[in-house]
Every structure is written in C-alpha cells, then in structure tokens.
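Notes follow once the structure below has been shown.
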Amino acid sequence: MKSKSISMIVLWALVLLGFFGGLKVSIDNFNGLSCPNILNMPICYVVTAAYGLMLGALIFNHNGCKHYFFCIGWSVAFVIAAFASLAEMFSSSAVCPTASGGLRAASSTVLPLCYVSLALLVVILVLFIQGPYKKACDIYNNTIH
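Using our numbering, read the sequence shown as starting at 166 and increasing by one per residue.
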C-alpha cells in the first residue's frame with residue numbers, strides 16, 4: 166500500500182513538473198524567446214495544454230473521464246516529444262527549446278527539453294498504468310462480477 170502512495174506522489178510530481186516546465190517555456194516564448202511553431206501555433210502551448218489534460222485526469226475523480234483526459238494529453242505530448250527528439254538528433258539546426266531558454270543554436274552543452282519531456286512521459290505512463298488505471302480497472306472488474 167505504501168509503494169502505491171509513493172508512486173502516486175511521484176506521478177503527481179512529474180505531471181506538475183511537466184506542466185510547469187511547459188508553462189515556463191510558454192511564458193518565455195510569450196516574452197520573445199524561441200519556441201518552434203506548427204501551423205503558426207507555438208508548440209510549447211500545445212505541450213502545456215497536453216500536460217494540463219494529464220493534470221486534469223489526476224484531479225478528476227470520475228474514472229471514465231480520467232482515462233480519456235490522460236490518454237489524449239499523454240498521446241499529444243508524447244508524439245510531439247518523440248518527433249521533436251528525432252528532429253533534434255538528425256537536424257543540423259536546433260529544434261527544441263533548452264533548459265537555459267531559447268534554442269540550442271551552436272552550443273551542444275545545453276539539454277534540449279524535448280529529451281526531458283520524452284523521458285518524463287515514459288515514466289508518467291508507467292506510473293499512471295500502475296496507479297490510477299489499475300485502480301479503475303479493479304473497480305470496473307469488481308462491479309461486473
């Protein structure tokens with residue numbers, strides 16, 4: 166039981182970290198620092214909204230809605246992080262915002278945030294499946310039988 170509460174705390178912490186990280190990059194973009202655009206929409210805004218959906222999934226008690234919000238938010242953030250990470254690795258120019266603000270440019274010492282987001286999302290998925298998703302499945306299976 167104790168490990169479940171610890172994993173829930175870690176899940177909350179990682180989702181909040183992703184949300185506030187995305188929010189910080191969005192604010193930096195609003196203040197003029199660079200964030201890549203897709204269809205004239207800064208992608209950091211989309212990532213922040215995706216983490217917001219995951220956060221909403223943790224806040225809502227309704228088990229059905231929880232999974233839809235989480236899956237939509239996680240999927241959007243994961244696809245963006247995966248494609249951005251691939252583009253960052255194979256592109257000659259910087260694609261992802263960095264931890265120090267702005268794009269990487271010529272410096273290879275700063276960490277692109279798309280790598281961080283991708284790692285966070287993998288851990289978040291595992292923790293969500295082990296925690297809230299498993300709990301909802303157990304409740305559903307007990308009500309059927």
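Note that beta-carbon positions come from the ideal geometry of N, C-alpha and C, so glycine has one too.
Assign residue i to one of two classes, buried (16 or more other C-beta atoms within 10 Å of its C-beta) or exposed (fewer than that).
i, result
"residue 264", "exposed"
"residue 289", "buried"
"residue 204", "exposed"
"residue 176", "buried"
"residue 170", "exposed"
"residue 291", "exposed"
"residue 307", "exposed"
Per DSSP, which one or two residues make a beta bridge with residue i?
i, result
"residue 263", "277"
"residue 206", "203"
Let me know the secondary structure DSSP gives residue i once reduced to three states.
i, result
"residue 306", "helix"
"residue 256", "coil"
"residue 296", "helix"
"residue 197", "coil"
"residue 184", "helix"
"residue 328", "Summary: the structure shown does not reach residue 328, with the chain confined to residues 166 through 310, and so no result is reported for it."
"residue 234", "helix"
Does the distance from the C-beta atom of residue i to that of residue j stay below 8 Å?
i, j, result
"residue 183", "residue 209", "no"
"residue 248", "residue 286", "no"
"residue 231", "residue 297", "yes"
"residue 222", "residue 283", "no"
"residue 216", "residue 260", "no"
"residue 280", "residue 258", "no"
Measuring from the CB of residue i, is there a heavy atom of the ligand MG at a distance below 7 Å?
i, result
"residue 177", "Judged by which ligands are present, the structure shown has none, so any question about the ligand MG falls away."
Counting pairs of Cβ atoms below 8 Å between the stretch 222-241 and the stretch 191-205, do you hit three or more? As far as the Cβ criterion goes, the stretch 222-241 does not touch the stretch 191-205, which means the pair count is below three.
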